[in-house]
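The block underneath contains the structure these notes are about, expressed in structure tokens.
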Amino acid sequence: MDKIYVTGGTPLNGTITISGSKNAALPLMATSLLTADTITLSNVPHIADISTMAHLLLQHGTNLLIDASGGNGGHLGGVIQLTSDNINNIEAPYDLVRKMRASVLVLGPLLARFGKARVSLPGGCAIGTRPIDMHLKALTELGAVIELTEGYIDAHVPGGKLTGTDIHFGKISVGATENALMAATLATGTTTIHNAAKEPEITDLANCLVSMGANIDGIGTHTLTINGVESLHGTHYKVICDRIEAGTFMMAAAATRGTLTLEEVDLDVMTATIELLKDIGVHISTPADNTLKVDAHNATLSPKNVSTEAYPGFATDLQAQYMALMLTIDGSCIIEETIFENRFMHVAELSRMGADILIEGYKATVHGGKPLKNAELMATDLRASVCLVIAALAAQGDSVINRMYHIDRGYERIEEKLAKCGAKIRRAR
Ligand code: UD1
112 MDKIYVTGGT
122 PLNGTITISG
132 SKNAALPLMA
142 TSLLTADTIT
152 LSNVPHIADI
162 STMAHLLLQH
172 GTNLLIDASG
182 GNGGHLGGVI
192 QLTSDNINNI
202 EAPYDLVRKM
212 RASVLVLGPL
222 LARFGKARVS
232 LPGGCAIGTR
242 PIDMHLKALT
252 ELGAVIELTE
262 GYIDAHVPGG
272 KLTGTDIHFG
282 KISVGATENA
292 LMAATLATGT
302 TTIHNAAKEP
312 EITDLANCLV
322 SMGANIDGIG
332 THTLTINGVE
342 SLHGTHYKVI
352 CDRIEAGTFM
362 MAAAATRGTL
372 TLEEVDLDVM
382 TATIELLKDI
392 GVHISTPADN
402 TLKVDAHNAT
412 LSPKNVSTEA
422 YPGFATDLQA
432 QYMALMLTID
442 GSCIIEETIF
452 ENRFMHVAEL
462 SRMGADILIE
472 GYKATVHGGK
482 PLKNAELMAT
492 DLRASVCLVI
502 AALAAQGDSV
512 INRMYHIDRG
522 YERIEEKLAK
532 CGAKIRRAR
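In the working numbering, the protein residues as written are 112 to 540.
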């Protein structure tokens, strides 16, 4: 099992190209199940979750062609061609779904096009129970009949075709919105999704579906109206930048008091992170199109309270990284997690580095400014793990982070990108 070795104490300095978004690419790959034509996606990140989705689609019968060079010297990430003209298996097995919860995104498209699907229940998850009741409720409202048997979701659509309806989500769910949106594109009549998530990855999905012939109004808002169409066709689509990867490197630059230039960033989707870091004293500029410069060299930073929120608020996927940054700043602040019920798994590991953090329910009070000590650390989930990398980069001495596979799920060659900017970091067994 790979580990990451970090010798901390060096400010990051250099330029990093941001990859395509994991959370956008996963549902975009699932759209291939909605059509027999070829979907060509570019700027797809080379990460483990994309391989898991590729395996899932392969075993459904999708044909995949992967050009890892991206057709552009590797600069823009990989190109994947997906053709689902011969789907011969509508089951998503436990082995793949347990690896990656986003596997459940095949449910809506399979039901919409084939009228049936069998998808394993995802089971527990390190950051909370993460139920899928909202996905199932929306698909039931669209006319699917769903039974839960032996750990599987067994679903079929009497008559074969979903029917448009009004869906009211009680809270914001990214995944449930994506499943409902994909399913509604091929339903008969009109579907309105109220209280839909409007994360940039949902907008990316909706734009891709429109380029496939779907009829969707209200893109980028909390109300999506979908007029179902008879069929969808192929498309070429470029995945948006990974705003969480960009935000992670912004926190790493600030935590090491370094200077990083991030390229291939869609600045519009970065507002919450940019404003937060500016507020604490980091200098942020945009020297060129799609380029963000984060400069914390010689900066005097001050802590600031933050609550995670649905987009456009501060992303839960950056909460752990922000906590690592707060540990490097003199003074106290409160970090509130409002999206997931158990997303402070990194705190126990950070404490082993000497961090002073008090958790009360959904709130963590961080007393920063005390020197972080090197330690042997255990990655527990994707974002918690990368927070440990940031803390180790800011600490003095040699740290080891075990269970690198958590980071590989969502970060493309993170150690190479950081090492290029002066970090003393390497991967080994
Ligand atoms: C997606 C992202 C994840 C991000 C999260 C919140 C992907 C692949 N993952 O996850 O990185 O942290 O959005 O921005 O895009 N909930 C229910 N019932 C449901 C569905 C969700 O109660 O049926 C709850 C969840 O437990 C959680 C909240 O709703 O408390 C938000 O979850 P959701 O937006 O659905 O997250 P994911 O789509 O799983």
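Glycine included, each C-beta is placed from N, C-alpha and C at the ideal position.
With C-beta atoms as the reference, is residue i less than 9 Å away from residue j?
| i | j | result |
| --- | --- | --- |
| valine 511 | valine 256 | no |
| glycine 369 | asparagine 124 | yes |
| isoleucine 440 | glycine 465 | no |
| leucine 488 | leucine 499 | yes |
| isoleucine 395 | valine 380 | no |
| glycine 172 | alanine 506 | no |
| arginine 538 | isoleucine 127 | no |
| leucine 335 | leucine 387 | no |
| leucine 193 | valine 208 | no |
| valine 268 | glycine 226 | yes |
| arginine 224 | leucine 297 | yes |
Below 6 Å CB to CB, which residues in the same chain sit around residue i once its five sequence neighbours on both sides are set aside?
| i | result |
| --- | --- |
| alanine 228 | Ile201, Leu218, Leu221, Leu222 and Ala266 |
| isoleucine 536 | Val117, Glu526, Leu529 and Ala530 |
| alanine 431 | His457, Arg494, Ala495 and Cys498 |
| asparagine 134 | Glu312 |
| alanine 490 | Ser496, Ile512, Arg514 and His517 |
| isoleucine 445 | Asn416, Lys474 and Thr476 |
| threonine 367 | Pro122, Leu123, Leu504 and Ala505 |
| aspartate 509 | Thr118 and Asn485 |
Per the DSSP calculation, residue i is bridged to which residue(s)?
| i | result |
| --- | --- |
| threonine 419 | Phe425 |
| valine 117 | Ser510 and Ile536 |
| asparagine 401 | None; asparagine 401 has no bridge partner. |
| isoleucine 327 | Ile337 |
| aspartate 178 | Val190 |
| aspartate 265 | Arg229 and Glu258 |
| glycine 479 | Gly442 |
| glycine 131 | Cys352 |
| methionine 112 | None, per the DSSP bridge assignment. |
Under 7 Å Cβ to Cβ from residue i, same chain only, skipping five residues before and after it: list those, please.
| i | result |
| --- | --- |
| histidine 246 | Val215, Leu218, Gly286, Ala287 and Asn290 |
| leucine 169 | Leu175 |
| glutamate 258 | Asp265 |
| glycine 300 | Thr274, Gly275 and Gly339 |
| asparagine 318 | Ile330 |
| threonine 314 | Ile330 and Gly331 |
In whole angstroms, what separates the C-alpha of residue i from that of residue j?
| i | j | result |
| --- | --- | --- |
| serine 130 | aspartate 353 | 6 Å |
| alanine 365 | threonine 142 | 37 Å |
| glutamate 375 | isoleucine 351 | 9 Å |
| asparagine 513 | methionine 112 | 8 Å |
| lysine 474 | tyrosine 422 | 20 Å |
| leucine 378 | threonine 384 | 10 Å |
| aspartate 400 | glutamate 261 | 52 Å |
| alanine 295 | threonine 402 | 36 Å |
| glycine 392 | alanine 534 | 23 Å |
| alanine 459 | leucine 469 | 10 Å |
| glycine 184 | phenylalanine 425 | Caution applies to glycine 184, whose pLDDT of 41 falls short of 50 and renders its modelled position unreliable; the value that the coordinates give is listed next. Cα to Cα, the separation comes out at about 34 Å. |
| tyrosine 348 | serine 153 | 6 Å |
| lysine 272 | glutamate 452 | 36 Å |
| tyrosine 522 | phenylalanine 360 | 11 Å |
| tyrosine 205 | lysine 389 | 44 Å |
| aspartate 196 | alanine 147 | 4 Å |
| arginine 454 | alanine 410 | 29 Å |
| glycine 472 | glutamate 447 | 9 Å |
| serine 443 | leucine 250 | 45 Å |
| threonine 149 | methionine 140 | 11 Å |
Please report the Cβ distance between residue i and residue j, rounded to the nearest whole angstrom; I am assuming they are in contact, meaning their Cβ atoms lie under 8 Å.
| i | j | result |
| --- | --- | --- |
| alanine 213 | aspartate 160 | 7 Å |
| lysine 210 | threonine 163 | 5 Å |
| isoleucine 501 | alanine 363 | 5 Å |
| threonine 449 | glutamate 420 | 6 Å |
| threonine 302 | isoleucine 355 | Contact flag wrong, Cβ pair sits at about 29 Å. |
| aspartate 277 | histidine 305 | 7 Å |
Excluding the five sequence neighbours on either side, which residues of its own chain have a C-beta within less than 8 Å of the C-beta of residue i, listed in chain order?
| i | result |
| --- | --- |
| histidine 186 | Residue placement at histidine 186 is flagged as unreliable, the pLDDT there being 42, under the threshold of 50; the coordinate-derived value follows with that caveat. Counting only Cβ-Cβ distances below 8 Å, and skipping sequence neighbours, we find Thr128. |
| serine 462 | Ile468 |
Just to check, is the beta-carbon of residue i closer than 8 Å to a non-hydrogen atom of the ligand COA?
| i | result |
| --- | --- |
| glycine 324 | Although the ligand COA was asked about, the structure shown includes only the ligand UD1 as ligands. |
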